[in-house]
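So in numbering that gives the first Met the number 0, spot 233 of the sequence shown is number 232, and the numbers just go up one at a time.
Idealized CB from N, CA, C, for every residue including glycine.
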Amino acid sequence: MSADEIPALAIRSSVGVELWKTTKNEFPYVPCEKFPRDESKHCRALQFSPDGRFLAWGNGVNVQLCRTSDWTVVASLPRPKAFYLKFSPRGKYLMTWEIFTTNKENPEGSPNLYVYATESGEEVYSAVQKKQVDWEPGWSNDESIFAIMLGGEVFFFEVNGPDGFKTSTKKLGGGRNGCISVAPNHGQPYLAFYVPGVKGSPSMCKIYQYPTLNPTQAISSKSFFQADKVEMMWNKRGTGLLLLTSTDVDQSNASYYGKQALHFMSTKGDSFAVQLSKEGPIHAVAWSPKSTEFIVVYGFMPSKATIFNLKCDATFEFGESPRNCLYFNDFGNLVLLAGFGNLRGYVECWQLGKDRKCIATMEAPDSTLLEWNPNGEIFVTATTAPRLRQSNGFKVWHYSGALLHETMWPSGQELLEVQWQKFQGGFFKEKPITGEKVMGIQSAQPKASTQAYRPPAARGLPMKAFDLYSDAPQKSTIPGLPPGMMAKNEKKKRHNTKDKQQKQRPNQQNKAADGQKGQVVDGTTTDTSTQGTQNDDGGEQKRPNGNRITTGDPQKDRKIQRIQKKLYDINKLKEKKSSGEPLKDTQLAKIDSEADLIKELQSLTLVA
0 MSADEIPALA IRSSVGVELW KTTKNEFPYV PCEKFPRDES KHCRALQFSP
50 DGRFLAWGNG VNVQLCRTSD WTVVASLPRP KAFYLKFSPR GKYLMTWEIF
100 TTNKENPEGS PNLYVYATES GEEVYSAVQK KQVDWEPGWS NDESIFAIML
150 GGEVFFFEVN GPDGFKTSTK KLGGGRNGCI SVAPNHGQPY LAFYVPGVKG
200 SPSMCKIYQY PTLNPTQAIS SKSFFQADKV EMMWNKRGTG LLLLTSTDVD
250 QSNASYYGKQ ALHFMSTKGD SFAVQLSKEG PIHAVAWSPK STEFIVVYGF
300 MPSKATIFNL KCDATFEFGE SPRNCLYFND FGNLVLLAGF GNLRGYVECW
350 QLGKDRKCIA TMEAPDSTLL EWNPNGEIFV TATTAPRLRQ SNGFKVWHYS
400 GALLHETMWP SGQELLEVQW QKFQGGFFKE KPITGEKVMG IQSAQPKAST
450 QAYRPPAARG LPMKAFDLYS DAPQKSTIPG LPPGMMAKNE KKKRHNTKDK
500 QQKQRPNQQN KAADGQKGQV VDGTTTDTST QGTQNDDGGE QKRPNGNRIT
550 TGDPQKDRKI QRIQKKLYDI NKLKEKKSSG EPLKDTQLAK IDSEADLIKE
600 LQSLTLVA
């Protein structure tokens, strides 16, 4: 294999687009001299064609179309606001989408979806497509049929016919918003048409084979409730379809992600609901490239991962672990199960086939992206913005767990995307899996500490001298508070409990109980403990030199109380995170604000 046949890495960052390659099929990766780096700071999109012949990117001025055989720009398309890019299945056409806008001069708006011929850069089709989700038109595998959903109807164009993109030859739909997905099968294409339910009617998905689009001639149909939206996933052969349905809100409050369900349909007319054996969200679903099975990662943490066959029977269990992602290589003989996002970045590599076993484990913390190399043996992980804006960079791994390459992005710049160069199907051949570990390099990144987080006010103190919720006077109930300061709501709760207990006891029992702590003098119990003095009604008096601290400023005390409440909530979120429970971005942001809250609390209590 020559150096030109080794997959390159296209990289999009806050300073432009560049290409990295190896020189002799050896690591490390280095910038490719043949590729003229685009130094624009406004690159929004990057995409290789499925056959690997073209690379396209938007730089805020044009969409550049580059030929990968010699890395030269062959066309500049006038789409400065292009937000998404996508190629047709064989790379003959490039589609661009930008946010739809109107103004006083043009209240109807202008087309925001365009289709270009990649060889010539000629515009062949345009339309107004207001949807940002499911904006992509569908294509038959041979690119002869173009299908686009506009205003609740699907329009079909036979692009090789006499009318081309000018006039649609078929229509499908009934005026309700939905989505369409065209199968990647050979011959006359299958297509799935989904229509959401309204006013109590169920949602419906039907499979047709073009050009037979009569509603009564659907090959397979499936109806279901509780489906505000759906994600449709065909297998590689285009014979099986998975439908991941979800609602925006789970009325039972069992999941952050709303109510979810997974359904299976086939071009043979079969349809099943996939039965999952653990409650909780569906984190990831993916078809094996062999098209005969699929994997689902699901359930509350630690989640389960299960292989299902085409009858939706569970055939293998990976066991429970904190995972929420899965990635097949292009041959389907290896799969990565990982826990990213608010999980620790633990990655397992499993061998599939007759001998299903875990052959390697590794840690890739803070990864926001993972993609297999087309050769099926190595993969890339990356930490990218805007999800994470610090410690950006990418790593290349061997499936045996060896780290082969590592690049940390320069400080002050943001890494946005890393993508492998694509190749035509069949270019790479499947190689046997070996248990031998490839020699790698040592990561230069410091490993994350396994010790529990301690706020600045508690660092350097013995562990038992810092207890978040203890009432002992030498301890602090909230991180950052001086020793002895107690949250007011905790004090009030304790006093209410004491009042209730005192009222339930006879008066003599109250005195006897109080007598164990001190002496009764003229109806007042003198407490010899460090908590101060107590009245016989259970109330607590402040000692002049006691441990309870107040600022004397009501407005400042209210600020302290609010910060205490926030820190208490943050501690609860951290407990959820450490147990593997998924958190929203807003909840993760609250955790990140803890240090600032502690500093503010210390400044408020410093005078006291």
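Which of helix, strand or coil DSSP assigns to residue i
i, result
"residue 570", "helix"
"residue 272", "strand"
"residue 0", "Low per-residue confidence applies at residue 0: pLDDT is 43, beneath 50, and the placement is therefore not dependable enough to give any value."
"residue 592", "coil"
"residue 602", "helix"
"residue 562", "helix"
"residue 9", "strand"
"residue 78", "coil"
"residue 15", "strand"
"residue 66", "strand"
"residue 577", "helix"
"residue 55", "strand"
"residue 247", "coil"
"residue 131", "coil"
"residue 587", "helix"
"residue 555", "helix"
"residue 225", "coil"
"residue 144", "strand"
"residue 597", "helix"
"residue 30", "strand"
"residue 441", "coil"
"residue 481", "No answer about residue 481 holds up, because its pLDDT of 46 lies below 50 and its placement is not dependable."
"residue 291", "coil"
"residue 46", "strand"
"residue 420", "coil"
Cβ-Cβ distance between residue i and residue j below 7 Å
i, j, result
"residue 270", "residue 219", "yes"
"residue 289", "residue 331", "yes"
"residue 339", "residue 357", "no"
"residue 142", "residue 87", "yes"
"residue 164", "residue 201", "no"
"residue 95", "residue 53", "no"
"residue 191", "residue 204", "yes"
"residue 387", "residue 380", "no"
"residue 344", "residue 363", "yes"
"residue 569", "residue 593", "yes"
"residue 378", "residue 311", "no"
"residue 212", "residue 171", "yes"
"residue 154", "residue 144", "no"
"residue 283", "residue 273", "no"
"residue 209", "residue 266", "no"
"residue 420", "residue 49", "no"
"residue 373", "residue 293", "no"
"residue 15", "residue 74", "no"
"residue 67", "residue 51", "yes"
Beta-carbon proximity list for residue i, same chain, < 7 Å, skipping 5 on both sides
i, result
"residue 359", "348, 398, 399, 400"
"residue 544", "In this predicted model, residue 544 has a pLDDT of only 38, less than 50, meaning its place in the structure is not dependable enough to derive any value."
"residue 100", "108"
"residue 587", "341"
"residue 431", "none"
"residue 182", "188, 189, 190, 233, 237"
"residue 556", "549, 550"
Nearest-angstrom Cβ-Cβ length linking residue i and residue j, presumed shorter than 8 Å
i, j, result
"residue 279", "residue 299", "4 Å"
"residue 206", "residue 261", "That pair is no contact at about 17 Å."
"residue 61", "residue 89", "In fact, because the Cβ distance is near 24 Å, the residues do not count as touching under 8 Å."
"residue 395", "residue 28", "7 Å"
"residue 376", "residue 13", "Contact doesn't hold; Cβ gap of about 31 Å is too wide."
"residue 442", "residue 402", "6 Å"
Spatial neighbours of residue i in its chain, beta-carbon cut-off 8 Å, leaving aside the 5 residues before and after
i, result
"residue 69", "33"
"residue 59", "39, 40, 41, 42, 43, 79"
"residue 559", "550, 600, 603, 604"
Contacting residues, own chain, Cβ-Cβ under 6 Å from residue i (five flanking each side not counted)
i, result
"residue 135", "85"
"residue 11", "42, 45, 415, 416"
"residue 133", "178"
"residue 124", "114, 164"
"residue 336", "304, 322, 325, 347"
"residue 176", "151"
"residue 355", "315"
"residue 246", "225, 227, 257, 258"
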